[in-house]
Structures are given as C-alpha cells and as structure tokens.
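Counting from 10, one number per residue, gives the positions in the sequence shown under my numbering. In this text, a Cβ means the ideal position worked out from N, Cα and C, and glycines have one as well. Computed from a predicted model, the values in this text were never measured in an experiment.
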Amino acid sequence: MIGRHKHCIALADYSREEILEVLDLAVSMKEVLQRPIKKVPSLRGKSVVNLFFEASTRTRSSFEIAAKVLSADALNWTSASSSVTKGETLIDTARNLEAMRPDVLVIRHSAGGAPQLVAEHVGCAVVSAGDGAHEHPSQGLLDCFTLREKLGTLEGKTVAIVGDISHSRVARSDIHAMTKLGARVRLCGPPTMMPAGVEALGATVHYQLREAVEGVDAVVMLRIQHERIGDPLIPGTREYSKLWGLNAKKAAEWLRPQCVILHPGPINRGVELSPEVADGPQSVILDQVQNGVAVRMAILYLLAGGNPADAGEAKA
Ligand code: CP
C-alpha cells in the first residue's frame, strides 16, 4: 500500500504525505542502484507484469529493471504480439494475465481511465504507466524526486511547464504532485494547447515563454503529443520552436544560471529543445531517467508488499 492506496493510478488522489512516502523510500532505493551489486531480496517470490499498449523506452525498461533489482520476476507484454490482435478486450486480457497470479500489473494505454478500469476488474495492484492524456504518476513522482535532489525542496520553488499541456499526462501528474509539495507552477504553451480551466489545478497560465520562465527554479519542457492530436493545432513545428522552444540564446538570457531543465522524453530535438540545451549543463534529463528506476522500485516495493524483514537490506 502507498498510504491508503492499493494502486498507483492518479496523483490527483494522493496526499502530500503519500507522495512523500514514495519519494523518501526512493532515496534508499537509489542508494541500492549505486552499489556494485544492484540486487536486494525485498520482492523475492513476487512478480510484475508490464502490460504496454503503447510504445515506451524509459518507463517500461525502468519498471523491468526496478522489479529485477528487487528480485521480483518481470514479464513484458506488448499488445502487438498478443491476442489483442485477435480481438481480445482490455478487461479479458488483464483478467487472463491476473489468473497467472502476478502481484502487480503495470499498464500503459492510449485511453485515459484504462488503468482504473483494469483495477476494478482484477485483485492485484495496478500501476498506471501513463493513460491517454490523463496521468503518468510515476513520471510525476520521478520529476519531483529529481527536483528535491537538485533544489533541496519544492516548497516555495517555482516550476514552469512548457509545451502541449492539453495532451500531456506528464503535465497533469506534475501539476498535482508539485503543487502538493509546495511549488508554484506556471504553465506555458500555445493557446490551442492549453486546456480550459486548468488554473483550477492551482497553476498560472502564460502564453509568452519569456514571461513563464524568467526567475523560475526549474523548467519542464514537453514535446507535442502528435499521436493524440487530430487536426493541426499549430501552423508548424518551425513556428512552434520559435515561440515556445528553448535554445541556448533564450536559456542564457532568460533563465537563472541555477535553473534546472527537465524533459520526460522522448525529446524532439530542435523543436521544444535545441541539442545544446538538452545536453547542456542545466539539463537534468538523464538524472530523471536514472531516478525513474529508484522511484519505480519504491512504488513496486510498497504495492507488492515487500518483505519488511528484507527492507533493511535496501536501506542498509
Ligand atoms: N517519459 C516516458 O514516459 O517515456 P517513455 O514513453 O519512453 O516511457
């Protein structure tokens, strides 16, 4: 369990304390990853099924590595090579995999709400690895972990989230988690990519990049989620890059020197971020990827009911 939760589906439902429970445990998990032998027996005898209906590099790999470092068995399932191609439904797929007695189902799906639907039909723990434009809770948690590591705290800090806010599940999870941890969040992007009423989540809305990023402690750059967009919402990527992309000149003129730059990946280089900025000294993008393993270890440990007798080995 994470606080009151058997599942990890939406940070909107998590309290500040429940978010901190994961982040604090992830500190110990990260220490395990620095050891020469990256293996602890905390989830020995447990199993995790990765059920991915959409492509992934970072999330699927890091959930698999996280499970294996904790000594759980991990099975990777992809829809393209499954009986979904023969017409099997999401619920039937999940119930059949659950019949094989995994402890955790990690699910990514293009439909918002799919992990919740699965959770209502299976007995094991369910973790969302991103559902439609709804939420990507483990990304929100690893972004907060990275900011705590780099800034010390989120309390009183200001974070700008820039890009296609409407279609970004990362933006939603980041807003929920960061505001609960005491950060001020500014949202910036084209008006056609800004959801109506998003201020109700506790963020401010900006349409000029300079206004959004000047003076902030961190910037989260997002890619345009072309796979979730029907008709074009912007004239073209060149215009987008000019107005909302971050290059070395804008970073040097508008960002504080200590401001850190995040991106959940995959990056569209030359669109939302120039290569010099993506690979530059203010970028913490690969730290995010590394921290993703530690945060996902913490999530799996808490939800799979890690053996308390073995927890000390992760913390030792
Ligand atoms: N950040 C993220 O979700 O990346 P992947 O799509 O590669 O998993």
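Item to check | Inter-stretch contact (C-beta, 8 angstroms, three-pair minimum) for the stretch 139-146 and the stretch 120-128 | outcome: Contact between the stretch 139-146 and the stretch 120-128 is present, because at least three Cβ pairs lie under 8 angstroms.
Checklist entry - What residue range is occupied by the uninterrupted alpha helix (DSSP H) comprising S250? => result Per DSSP, S250 belongs to the alpha helix (DSSP H) from 246-253.
Item to check | W253 versus G301 - alpha carbon distance | outcome: So the two alpha carbons sit approximately 26 angstroms from each other.
Checklist entry - Helix, strand or coil: how does DSSP classify E281 here? => result Correct three-state label for E281: coil.
Checklist entry - So which residues touch the region around the ligand CP, with touch meaning a C-beta under 5 angstroms from any heavy atom? => result Those satisfying the condition are, in chain order, S65, T66, R67, T68, P273, G274.
Checklist entry - Looking at S177 and E144, is the spacing between their C-beta atoms short of 7 angstroms? => result No.
Checklist entry - Span of the alpha helix (DSSP H) holding S71? => result Its alpha helix (DSSP H) spans residues 67-78.
Checklist entry - Can you give the Cα-Cα distance for P266 and A192, rounded to whole angstroms? => result One C-alpha to the other measures close to 19 angstroms.
Checklist entry - How big is the Cα-Cα spacing for M187 and V194? => result Spanning the alpha carbons of M187 and V194 requires a straight line of approximately 7 angstroms.
Next on the checklist: Let me check understanding here. Comparing Cα to Cα, which of A303, E30, R278 lies closest to K47?
Outcome noted: Of the candidates A303, E30, R278, the one whose C-alpha sits nearest the C-alpha of K47 is A303.
Checklist entry - For F61, does the three-state DSSP call read helix, strand or coil? => result In the structure shown, F61 sits in a strand (DSSP, three-state: E or B).
Checklist entry - What residues are listed by DSSP as bridge partners for V269? => result Per DSSP, A227.
Item to check | Of the listed residues G161, V222, R157, nearest to G172 (C-alpha basis) | outcome: Among G161, V222, R157, the Cα nearest to that of G172 is on V222.
Checklist entry - Who are R195's beta bridge partners in DSSP? => result Per the DSSP secondary-structure output, R195 pairs in a beta bridge with A169, T213.
Next on the checklist: What does the alpha-carbon distance come out to for the pair S90 and L60?
Outcome noted: Distance between the alpha carbons of S90 and L60 is about 12 angstroms.
Checklist entry - Can you tell which of L29, E236, V115, I308 has its C-alpha closest to the C-alpha of T162? => result T162 has its Cα closest to that of L29, out of L29, E236, V115, I308.
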